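Read in order, the letters of the sequence shown correspond to residues 11 to 546 in my numbering.
Glycine included, every Cβ here is placed at the ideal spot set by N, Cα and C.
Predicted, not measured: the structure shown is a model, and the values here were computed from it.
Before any comments, here is the structure.
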Amino acid sequence: MGPTRKPNVCIRLSLRALGFFARDAGVGQRMNLGILRALVCQESTKFKNVWTTHSKSPIAYERGRIYFDNYRCCISSVASEPRKLYEMPKCSKSEKIEDALLWECPVGDVFTSPSDYESSLIALTANNWLLRISATTGKILEKIYLASYCKFRYLSWDTPQEVIAVKSAQNKGSAVARQAGVQQPVLLYLAVFQVLPFSLVGILEINKRFMQQKLDLGCACRWGGTTGTVGEAPFGIPCNIKITDSPPLLFEVSSLENAFQIGGHPWHYIITPNKKKQKGVFHICALKDNSLAKNGIQEMECCSLESDWIYFHPDASGRIIHVGPNQVKVLKLSEIENNSSQHQISEDFVIWANRENTNENLLTVTASGRVVKKSFNLLDDDPEQETFKIVDYEDELDLLSVVAVTQIDAEGKAHLDFHCNEYGTLLKSIPLVESWDVTYSHEVYFDRDLVLHIEQKPNRVFSCYVYQMNTVCSYARRSTPLLPESWMNRWQPGQPVPHLTMDGFQISPALSLLISLLSSYISDRRQRSVSTRTCF
11 MGPTRKPNVC IRLSLRALGF FARDAGVGQR MNLGILRALV CQESTKFKNV WTTHSKSPIA
71 YERGRIYFDN YRCCISSVAS EPRKLYEMPK CSKSEKIEDA LLWECPVGDV FTSPSDYESS
131 LIALTANNWL LRISATTGKI LEKIYLASYC KFRYLSWDTP QEVIAVKSAQ NKGSAVARQA
191 GVQQPVLLYL AVFQVLPFSL VGILEINKRF MQQKLDLGCA CRWGGTTGTV GEAPFGIPCN
251 IKITDSPPLL FEVSSLENAF QIGGHPWHYI ITPNKKKQKG VFHICALKDN SLAKNGIQEM
311 ECCSLESDWI YFHPDASGRI IHVGPNQVKV LKLSEIENNS SQHQISEDFV IWANRENTNE
371 NLLTVTASGR VVKKSFNLLD DDPEQETFKI VDYEDELDLL SVVAVTQIDA EGKAHLDFHC
431 NEYGTLLKSI PLVESWDVTY SHEVYFDRDL VLHIEQKPNR VFSCYVYQMN TVCSYARRST
491 PLLPESWMNR WQPGQPVPHL TMDGFQISPA LSLLISLLSS YISDRRQRSV STRTCF
């Protein structure tokens with residue numbers, strides 16, 4: 011277990027107020043996030059349910075914004091109470107937004123239009139329009155008509171914040187054609203764009219032919235006997251990339267249910283052998299030669315209705331997270347001593363659910379009056395035991411967030427726990443006030459000082475619960491000044507300033523004097539106010 015010493019928020023705030031690290035790129039931001047992490051995890055901090063709403067359409071969350079009614083209505087969750095940012099005009103079913111991505115302007119890039127510096131929502135509509143919408147006002151900044159020869163449905167980042175991929179629905183052909191055994195030549199289409207300014211890379215037809223023709227958005231084009239403008243209705247964007255031959259094989263592996271993940275340092279991949287009886291068994295192998303890592307077969311010994319899951323840690327540490335109903339294993343990948351070409355899997359730390367002994371004794375009485383004791387074991391994901399449902403990582407605060415649920419009587423109760431990402435130590439536990447039905451679909455987001463729970467109930471009823479951090483400034487609760495009076499009284503004008511040691515660092519005399527003066531100012535302010543809310 012790692013060190014438990016808590017960072018001194020008072021000293022961090024004092025140094026920040028004095029302008030330290032102001033010229034060091036990124037250090038100020040890391041200092042602020044370190045302060046926020048300490049405040050989030052301190053004992054006096056509470057997370058309060060400030061807003062609850064329900065909707066008949068799916069609810070989405072992205073970086074401080076909550077979207078309703080197929081992204082038509084946007085609510086900001088940054089304020090003390092969620093407020094509406096914008097609501098776009100009502101539209102027909104064919105014009106509704108089906109998928110969207112949030113794009114944020116990169117630092118240092120220069121653009122021609124002032125609107126290009128705003129955060130944008132890149133949205134795909136049901137009638138094949140690709141829109142760029144202001145994330146602040148909801149105004150449509152740019153629109154491109156994709157095509158009429160297929161139905162585009164999915165958006166994803168190919169390169170985060172730089173290149174997007176728009177995928178069509180799979181072309182299955184008509185029922186008559188399928189009954190006649192006629193195979194469709196085209197399986198699906200894939201459109202690729204550079205973002206801001208929008209520029210077309212191409213539309214790829216997944217087929218057995220190949221050709222490529224250069225196309226530019228907004229330029230006139232003649233295609234298939236028709237002339238039009240690329241990216242405008244009704245012409246759209248012709249399919250300018252087609253495959254004729256099979257591309258060279260780069261990598262091949264067989265896995266159950268096509269489950270395949272890649273990550274780690276150096277590159278490794280995780281698969282489940284392609285046999286049904288191997289479900290729940292994970293193999294971790296080197297990408298370069300397919301060799302199995304030492305201790306690379308991971309199988310969680312549990313008996314549960316829901317299977318465990320495994321993935322590479324999103325903190326880019328190369329570690330692996332393996333989640334079961336009653337434990338979260340964080341595994342590390344390291345070189346074998348005296349053999350740098352081989353790697354091994356070992357436990358970094360384990361987070362256990364808070365459970366009692368699962369062995370139950372059932373007493374029965376026979377007709378003759380004899381007492382018979384039978385022993386049985388509960389399932390590892392029995393609803394009456396604390397069970398892990400969601401595990402996520404908050405990258406800015408470097409915390410693992412774990413949702414644990416326990417069925418109490420007729421309803422389930424959940425709490426969100428924050429664990430140290432380095433050592434697994436439990437730092438904070440937040441109870442969720444709403445009941446948790448394990449048969450419903452749930453999403454939980456932890457974003458800095460915000461916790462958001464989205465629940466999908468039967469009959470397409472969606473609920474959203476917003477929690478925000480509520481803390482009392484520690485200065486108002488201190489019974490002693492920031493610096494001991496005995497130290498402050500040692501200095502008199504005209505005398506050398508004594509040294510001060512804080513958090514293991516030797517503070518210079520000049521800085522010690524500044525901190526002492528600031529401490530006096532804070533102590534004076536503390537006497538004038540009972541409590542205050544800390545803001546950044």
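- Under the 8 angstroms Cβ criterion, the segment 112 to 123 does not count as touching the segment 79 to 87, having fewer than three qualifying pairs.
- With at least 16 other beta carbons inside 10 angstroms of its own, Y77 counts as buried.
- Per DSSP, Q354 lies in no alpha helix (DSSP H); the unbroken beta strand (DSSP E) holding it starts and ends at 349 to 362.
- Counting along the chain, no beta strand (DSSP E) covers I45; the unbroken alpha helix (DSSP H) around it starts and ends at 37 to 51.
- In the structure shown, S129 adopts coil according to DSSP, grouped into three states.
- Ranked by how close their Cα comes to the Cα of E215, the residues P248, V205, F203, T236 have P248 in first place.
- Between I132 and L156 the beta-carbon gap is near 13 angstroms, outside 8 angstroms, which marks them as no contact.
- Taking a C-beta distance under 8 angstroms as the contact criterion, L409 and R47 qualify as a contact pair.
- For H278 against L343, the beta-carbon gap comes to about 6 angstroms, under 8 angstroms, which counts as contact.
- Cβ-Cβ distances below 7 angstroms link W233 to P248 in the same chain, with the five nearest sequence neighbours on each side left out; the list follows chain order.
- Within the same chain, Cβ atoms closer than 6 angstroms to the Cβ of K423 are found at T416, the five residues on either side in sequence being excluded.
- Using a C-beta cut-off of 8 angstroms, the segment 236 to 251 makes no contact with the segment 268 to 275, since fewer than three inter-stretch Cβ pairs fall below that distance.
- Under DSSP, Y477 shares a beta bridge with N59, V461.
- With 16 or more other Cβ atoms from the protein chains shown falling within 10 Å of its own Cβ, V413 counts as buried.
- I280 is the residue among N336, I280, F57 whose C-alpha sits nearest the C-alpha of L302.
- Taking all protein chains in view, the Cβ of T135 is crowded by 16 or more other Cβ atoms within 10 Å, so the residue is classified as buried.
- Per DSSP, reduced to three states, the secondary structure at R22 is helical.
- DSSP places P258 outside any beta strand (DSSP E), giving it a letter other than H or E.
- If you check the CB distance, N250 and I213 come in under 8 angstroms.
- Inclusion of G290 and E309 in the CB contact set at 8 angstroms is warranted, their separation being smaller than that value.
- Rounded to whole angstroms, the separation of the alpha carbons of N431 and Q354 is 21 angstroms.
- Here the alpha carbons of K103 and W61 stand approximately 29 angstroms from one another.
- DSSP assignment within the segment 81 to 142 yields the following whole beta strand (DSSP E) runs of 3 residues or more, N-terminal first: 83 to 86, 93 to 97, 107 to 113, 130 to 135.
- Under the three-state reduction of DSSP, N268 is assigned to helix.
- Within the same chain, Cβ atoms closer than 7 angstroms to the Cβ of P244 are found at S158, the five residues on either side in sequence being excluded.
- Exposure of K100 is indicated by the presence of fewer than 16 other C-beta atoms within 10 angstroms of its C-beta.
- The beta carbon of L297 sits closer than 7 angstroms to the beta carbons of I272, W277, H278, Y279 from its chain, once the five residues preceding and following it are set aside; these are given in chain order.
- Per DSSP, the continuous beta strand (DSSP E) segment holding G238 begins and ends at 236 to 239.
- Counting every other CB atom within 10 Å of its CB across the protein chains shown gives V37 a total below 16, marking it as exposed.
- Under the Cβ criterion (8 angstroms, minimum of three pairs), the segment 432 to 444 does not count as touching the segment 67 to 75.
- Per DSSP, reduced to three states, the secondary structure at Q171 is coil, with no helix or strand assignment.
- Per DSSP, the beta-bridge partners of T397 are V415.
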